[in-house]
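Single-structure report; data block below.
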Amino acid sequence: MNTKPSELYGDYSPHKSEKLIEQFATSLEQRSKPVPVFFRADDIGVSSQNFSRLLKLFEHYEVPLCLAVVPGWLTDTRMKTLRAICDPESELWCFHQHGWLHRNHEQQGKKCEFGSSRHTDDITHDLLNGKRRLESILGNTVFQPFFTPPWNRCSDETIDQLAALGFKGISRDQAKRKNPSLLPDFAINIDLHTRREQSADLGFAALGQELMRGLEQNMLGFMIHHQRMNDHAFDLLARVLYQCQCNRLINPAHFTTLYKRSSAP
C-alpha cells in the first residue's frame, strides 16, 4: 500500500490553503440552498495513529463520516481496538463494505476486485462473505448495507448482485462511472489524498476545480485515505471540516441519511 503523501502536501502552503477555502466559501455564498456534502474514508480495518487522529478530527467538528471497511482486514481483535478509539454506534459514523480482500483480479487494464472478468458465482461469493463478516464483527446495528468497490470501480454484474443481496447503495468515483447504477450511487468527486499532480501548485489548482464542479453538481463527495495523510493533510481537512460545521450553506451527511433523502416521496 502506498503511504506517501501527494505532492500537494509536500510543498504545502497554509496561505494557499486559506485562499482555497476562501474561494470555496465565496462560491457557497452564491447558492440559495445548502449543498449536500459527504466524506468517505477508504481502506479501513487496521487501526493506526493516523486513523485515530482522523476519527478524533471528525468528532471534534461533529461531521459525519462514511467508513469503507475491508472485511478481510477486520478481526475481532482489531474491532476491540476500534471500540477503544471511538463509539461505533455513534450516529456520526456509517461503517460499510469496501470489497472483500481489496485484491486485484484483473489480468489487464485497471485494477479491480469486482471486474467484468470474474464469474458471477465468484462475485456473489465474495460479496456475501464480506457482508456476513462485517455483520458478525461490527454487528447489524453498526454495519450499514452500502458498498464502496476497491479502486472505485466494479462491473454492472456486481451492482446487480449487490441489489439482490439487499445493499441500499454504492459509492464509486463520478469520473469512472460508465453506466447509470441500479442502486443509488453516492459518487465521490473530490480526491483529497491520492492526487497525482507533480507539484503543490498544480494540486491546489486541480482541487479547487473539483470543489467548483462539485458545487455545480450539487453534491460534494470527499474521498479520504488516512494512510497517506501527514500534518499538512490534516490541516487542510480541518479547514474543510470547520466550514462544514459553521457554514449554513453546507449540509453534511453520510450514506444512511443521503439514502433516506433519496427515497423520500
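Position in the sequence shown (from 1) plus 4 gives the number in this note's numbering. Think of the CB as a built atom: it goes at the ideal place given N, C-alpha and C, for glycine as much as any other residue.
Cβ-based burial, residue i [other Cβ within 10 Å; buried from 16]
{"i": "serine 94", "result": "exposed"}
{"i": "aspartate 80", "result": "exposed"}
{"i": "cysteine 248", "result": "buried"}
{"i": "threonine 198", "result": "exposed"}
{"i": "leucine 186", "result": "exposed"}
{"i": "proline 18", "result": "exposed"}
{"i": "alanine 45", "result": "buried"}
{"i": "arginine 265", "result": "exposed"}
{"i": "aspartate 4", "result": "This structure cannot speak to residue 4, because the chain is shown only from 5 to 269."}
{"i": "glutamate 34", "result": "Sequence check: residue 34 is glutamine here, not glutamate. Exposed is the call here."}
{"i": "threonine 162", "result": "buried"}
{"i": "glycine 113", "result": "exposed"}
{"i": "cysteine 250", "result": "exposed"}
{"i": "lysine 84", "result": "exposed"}
{"i": "proline 165", "result": "Residue identity check: residue 165 is glutamine in the sequence provided, not proline. Buried, because 16 or more other Cβ atoms sit within 10 Å of the Cβ of glutamine 165."}
{"i": "threonine 145", "result": "exposed"}
{"i": "glycine 119", "result": "buried"}
{"i": "alanine 204", "result": "buried"}
Residue from the options whose Cα sits closest to the Cα of residue i
{"i": "histidine 73", "options": "Lys37, Phe150 and Glu110", "result": "Before going further, note that residue 73 is valine rather than histidine in the sequence given. It is Phe150 whose Cα lies nearest to the Cα of valine 73."}
{"i": "proline 75", "options": "Phe226, Phe147, Ser175 and Ala210", "result": "Phe147"}
{"i": "aspartate 160", "options": "Arg137, Ile141 and His123", "result": "His123"}
{"i": "proline 9", "options": "Arg243, His258 and Gln202", "result": "Gln202"}
{"i": "phenylalanine 99", "options": "Ala88, Leu138 and Gly218", "result": "Leu138"}
{"i": "arginine 252", "options": "Ser36, Glu214 and Thr7", "result": "Ser36"}
{"i": "tryptophan 155", "options": "Ala268, Ile174, Asn54 and Gly143", "result": "Ile174"}
{"i": "threonine 30", "options": "Arg87, Asp126, Gly212 and Ala88", "result": "Gly212"}
{"i": "threonine 7", "options": "Ile228, Thr152 and Gln221", "result": "Ile228"}
{"i": "leucine 224", "options": "Asn193, Arg57 and Asp164", "result": "Asn193"}
{"i": "glutamine 221", "options": "Leu32, Lys20 and Met5", "result": "Leu32"}
{"i": "leucine 1", "options": "Pro92, Asn108, Glu110 and Thr128", "result": "A question about residue 1 goes unanswered here, because the residues of the chain that appear run from 5 up to 269."}
Distance CB(residue i)-CB(residue j) smaller than 9 Å
{"i": "cysteine 116", "j": "arginine 157", "result": "yes"}
{"i": "phenylalanine 226", "j": "phenylalanine 42", "result": "yes"}
{"i": "leucine 59", "j": "leucine 69", "result": "yes"}
{"i": "glycine 218", "j": "valine 39", "result": "yes"}
{"i": "proline 188", "j": "tyrosine 263", "result": "yes"}
{"i": "aspartate 177", "j": "alanine 167", "result": "no"}
{"i": "glutamate 214", "j": "aspartate 239", "result": "no"}
{"i": "phenylalanine 55", "j": "leucine 96", "result": "no"}
{"i": "serine 52", "j": "histidine 258", "result": "no"}
{"i": "valine 67", "j": "proline 256", "result": "yes"}
For residue i, the three-state DSSP class (helix, strand or coil)
{"i": "methionine 216", "result": "helix"}
{"i": "aspartate 91", "result": "coil"}
{"i": "glycine 173", "result": "strand"}
{"i": "aspartate 47", "result": "strand"}
{"i": "proline 256", "result": "strand"}
{"i": "methionine 227", "result": "strand"}
{"i": "alanine 191", "result": "coil"}
{"i": "glutamine 236", "result": "In the sequence on display, residue 236 carries histidine and not glutamine. Looking at histidine 236 - three-state DSSP - the assignment turns out to be helix."}
{"i": "alanine 268", "result": "coil"}
{"i": "histidine 129", "result": "helix"}
{"i": "histidine 19", "result": "helix"}
Residue-chain proximity (residue i, chain D), Cβ-Cβ < 9 Å
{"i": "threonine 124", "result": "Included in the structure is just one protein chain, with no chain D present."}
Margin query: Taking 8 Å as the cut-off, does the stretch 189 to 208 touch the stretch 10 to 28 (at least 3 CB pairs, one atom from each stretch)?
Written below: Using a Cβ-Cβ distance cut-off of 8 Å, the stretch 10 to 28 and the stretch 189 to 208 are in contact, since at least three pairs of beta carbons, one from each stretch, lie closer than that value.
Item to complete: Could you tell me whether the stretch 94 to 104 touches the stretch 132 to 139, using the rule of 3 or more Cβ pairs below 8 Å?
Response: Of all C-beta pairs linking the stretch 94 to 104 to the stretch 132 to 139, three or more are shorter than 8 Å, placing the two stretches in contact.
If you pair each beta-carbon of the stretch 229 to 237 with each one of the stretch 12 to 21, do three or more pairs fall below 8 Å?
Segments in contact, yes.
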